[in-house]
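From first to last, the protein sequence lines stand for chains A and B. Residue numbering for the first sequence follows UniProt numbering, beginning at 1 and increasing consecutively. Residue numbering for the second sequence follows UniProt numbering, beginning at 1 and increasing consecutively.
2 protein chains.
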Amino acid sequence: MISVVLIGAGNVATHLFKAFSLSNQASVNQWYSRTLKSIEAYKTQVEITDNLSQLKDADVYIIAVSDDAISELSSKLPFEDRLVVHTSGSVGIYDLDKKLKRGVFYPLQTFTKGADVDFSTVPICIETIKKTDYHILKQLGQAIGSKTHRVNSDQRSALHLAAVFVNNFTNQLYRVAHEITESKGAEFDILKPLILETANKVQDLSPYVAQTGPAKRNDKKTIKKHLKSLDSEHHRTIYELLTTSIKKTHGTSTGSATKRSITKNN
Amino acid sequence: MISVVLIGAGNVATHLFKAFSLSNQASVNQWYSRTLKSIEAYKTQVEITDNLSQLKDADVYIIAVSDDAISELSSKLPFEDRLVVHTSGSVGIYDLDKKLKRGVFYPLQTFTKGADVDFSTVPICIETIKKTDYHILKQLGQAIGSKTHRVNSDQRSALHLAAVFVNNFTNQLYRVAHEITESKGAEFDILKPLILETANKVQDLSPYVAQTGPAKRNDKKTIKKHLKSLDSEHHRTIYELLTTSIKKTHGTSTGSATKRSITKNN
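Now the structure itself:
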C-alpha cells in the first residue's frame, strides 16, 4: 500500500483523491489545502489540514496546485529527502526544492469539473531523478489503473505542447465549426459523429495517412468556394493557414488531377 | 423496397453498395462505372455496366463520382424526370441536369478505404427540390441505419465547410502534434486518449464550455515557453493564430489571475 499526502484543492487533486480512494494499492493519509473550505466536503473521508507544518508521513507527496505556485510551495515543506512530485506538464522537475527527492506525476488528459474520471484512459507521464523513485510512482499510477510512461524533461515538455494542439486548438476548431454552422442555421450536432470518427481514425492510422480533403488533394475549386463563403476574416485566416499546412505536409502545392479520385471524401 | 442504381466506383459508392446490400429495405439494381474493371469484383453480387445507355429502371440514381464530374455525368443520363442525387457536400443541387428530379444525399462522415462503415454513425444530409423526393431519400437513409437531416443549400455548404475544420484541419493538428513529439523522441501514442477525450467532451458540452488551457486562461508564461520551444516557424504561426482565436472567443486578451485556478488543466 502506497501512502500519499495530497497538496492542493483543484481539479487534478480532487480527481486523484477519488481515484486513490477507490484503489486498494494506494491510500491518501492527508489532504492539504491553503483554504480548508475548498476540501471540507471530504473531511469525513480523509484528514484535512491547512497547516504545512502538520503534514504527516507518506511515501509520496503530490503537489497539485497551479503552475506558478509549485516552486514556492515545495520550498515551504517542513521536511527533507522525501519523495515530492508535482502534476504539471510544463513546470521543470528542478523547480521543486532541492532538499527533496523530486519527481513529476503528470496525468496527460483533460478533466471536466464534476464529471468522473476513468484513470484507465489517463496516461501518466513520470519523470524522476532517481530510478528508485520512478518505480514507486509507476506503482502509484498502476494503483489507479493508469498506463504510465517514463519521460525525460524534453519529452514531457513536447507532450505538454503537443497536448495544446490536440486538445485546446482542436477544440477551438470545433468552436469555429460551431460558429460557421450556427451562422447558416445548420445544426452543429450533425458534425458530432465526424468529430468522433476523426479522433477514432488516428487511434490506428497515423495522422499523415488519415488525412483527406480539399487541401490534401489540392482541390483549388473547393478551397476557393470555401474561402468565398466564410463570412469571418478570422475564420478565413485559419482556413488558409491550415490549408497551407496540409499542402506542406503532403507536398500538394502542385497537385495532380489523378490524386483526386483516390482521396475523394471530405 | 427502394431500388437504386449506383453511378461511380469510388469510396462513397463502394460503402453505399455494401450498406444497401445488407439492408432489406433497399436494393441495388445495377452499378455503373466508366471503367468496368474498378467494380468487376462485385459482378457476382450485382449487375455491372460501363454503358450509360443501358441503365435500368430504379427509384433513385445515386451519382457518387468526383465533384467535377457530377454535372456532366448527369447531363448524359438517357432519361428524364427520374430521381437523381449526388453525394457531394459542396456541389449545388442545380448542377444536376434540369431534366431530372434532383436531390442531394450527402453522407457527412470520413470514410477509410478498406475499413467497413457503420452507417448508424453516418448522418445523411438530404436536399431536394420537391418534398415527395425528400421522403423517399429519407427512407433510403433509414434503410441503411443512418440518421437523416433535411438541409437547404446554404446549410449543406456550411456543414461541408465546417466538416473541413473538424476533420481535415483537426487531423492536421494531430499531425503537427506528431511532428512535435517525434522531434523530441516522445511517443505520439501517449496523446491518443487525450485526442479521443477531446472529441468525446463536445458530444455533451459545447466547444465553448469545453475549452481549457493556457490561451483560455491567458497564461502568458506558458504561452511564451511554448512558443520558445517550438523549433518550426510554421508550428509557431499555427500556435499563435489559434491562441489568438481562443482569446478572441473567450475574451481573455486581458486575463486575470483569478481565472487561472478554475481552469487549470492543460
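Every residue gets a Cβ at the ideal spot worked out from N, C-alpha and C, and that includes glycine. In this text, all values refer to a predicted model and were calculated from it rather than measured experimentally.
Nearest C-alpha to A:Glu72 among A:Ile7, A:Ile246 and A:Asp133: A:Ile7. Under the three-state reduction of DSSP output, A:Arg175 falls in the helix class. Closest by C-alpha distance to A:Ala9, out of A:Ser38, A:Gln30, A:Gly103 and A:Ser23, is A:Ser38. In the DSSP assignment, B:Gly141 falls within the unbroken alpha helix (DSSP H) covering Lys131 to Ala143.
When B:His234, B:Ala158, B:Ser146 and B:Glu187 are compared, the shortest CA-CA separation from B:Gln172 is found for B:His234. Under a criterion of Cβ atoms nearer than 8 Å, the residues of chain A adjacent to B:Thr222 are, in order, Asp67 and Ser90. In summary, A:Pro78 is exposed, with fewer than 16 beta-carbon neighbours lying within 10 Å of its beta-carbon over all protein chains present. At least one CB atom of chain B sits nearer than 7 Å to the CB of A:Ile190.
Nearest to B:Asn200 by C-alpha distance, out of A:Asp219, A:Lys225, A:Gln109 and A:Asp154, is A:Gln109.
With distances taken between CA atoms, A:Ser229 lies nearest to B:Ser153 out of B:Ser153, B:Thr244, B:Leu230 and B:Thr249.
Taking a contact to require three or more Cβ pairs closer than 8 Å, the region 80-90 of chain B and the region 100-117 of chain B qualify as touching. Per the coordinates, the alpha-carbon of A:Asn168 lies some 14 Å from the alpha-carbon of B:Phe165. In chain B, no part has a C-beta under 9 Å from the C-beta of A:Ile144; the shortest such distance is about 14 Å. Here the alpha carbons of A:Val117 and A:Gly251 stand approximately 41 Å from one another.
Here DSSP, grouped into helix, strand and coil, assigns A:Asn11 to helix. Taking the Cα of A:Ser120 as reference, the smallest distance to any Cα among B:Ala163, B:Glu197 and B:Ser157 is reached at B:Glu197. Contact with chain B is absent for A:Ala13, since none of that chain's Cβ atoms lies less than 7 Å from the residue's Cβ. Cβ proximity to chain B below 7 Å picks out Asp154, Gln155, Ser157, Ala158, Leu159, Leu161, Ala162, Ala163, Val164, Phe165, Val166, Asn167, Asn168, Phe169, Thr170, Asn171, Gln172, Leu173, Tyr174, Arg175, Val176, Ala177 and His178 from the region 153-178 of chain A.
The beta carbon of B:Ser157 is closer than 8 Å to those of Gly89 and Ser90 in its chain, skipping five residues each way along the sequence. A direct Cα-to-Cα measurement between A:Ile129 and A:Thr244 gives close to 42 Å.
For A:Leu83, the enclosing beta strand (DSSP E) has its first and last residue at Leu83 to His86. Each of B:Val122, B:Asp50, B:Lys98 and B:Gln25 was checked against the Cα of A:Leu194, and the nearest Cα belongs to B:Val122. Each residue's CA atom was taken as its position, placing A:Lys98 and A:Glu127 some 15 Å apart.
Here the region 204-217 of chain A makes no contact with the region 200-215 of chain B; the two share fewer than three CB pairs at distances below 8 Å. Using a C-beta cut-off of 8 Å, the region 142-149 of chain B makes contact with the region 23-31 of chain B, since at least three inter-stretch Cβ pairs fall below that distance. B:Ala162 has its alpha-carbon roughly 8 Å from the corresponding atom of A:Leu191.
For a cut-off of 8 Å, the C-beta gap from A:Ala186 to B:Leu159 is around 5 Å, short enough to register as a contact. About 7 Å separates the beta carbon of B:Val5 from that of B:Tyr32, a gap short enough to meet the 8 Å contact definition.
Residue contact with chain B for A:Ser229: present (Cβ-Cβ distance below 7 Å to some residue of chain B). In the three-state DSSP reduction, B:Asn29 falls in the strand class (E or B).
Annotated three-state conformation of B:Val166 is helix, per DSSP.
In the three-state reduction of the DSSP assignment, B:Lys247 falls in the helix class, which pools H, G and I. With fewer than 16 other Cβ atoms inside 10 Å of its own Cβ, A:Asp189 counts as exposed. For A:Tyr134, the CB contacts under 7 Å within the same chain, skipping 5 residues up- and downstream, are Ile126, Thr128 and Arg150 in chain order. Exclusion of the five residues before and after A:Arg236 leaves Leu227 and Leu230 as the residues of its chain whose Cβ lies within less than 8 Å of its Cβ.
The Cβ atoms of B:Ser66 and B:Leu96 lie no closer than 7 Å to each other.
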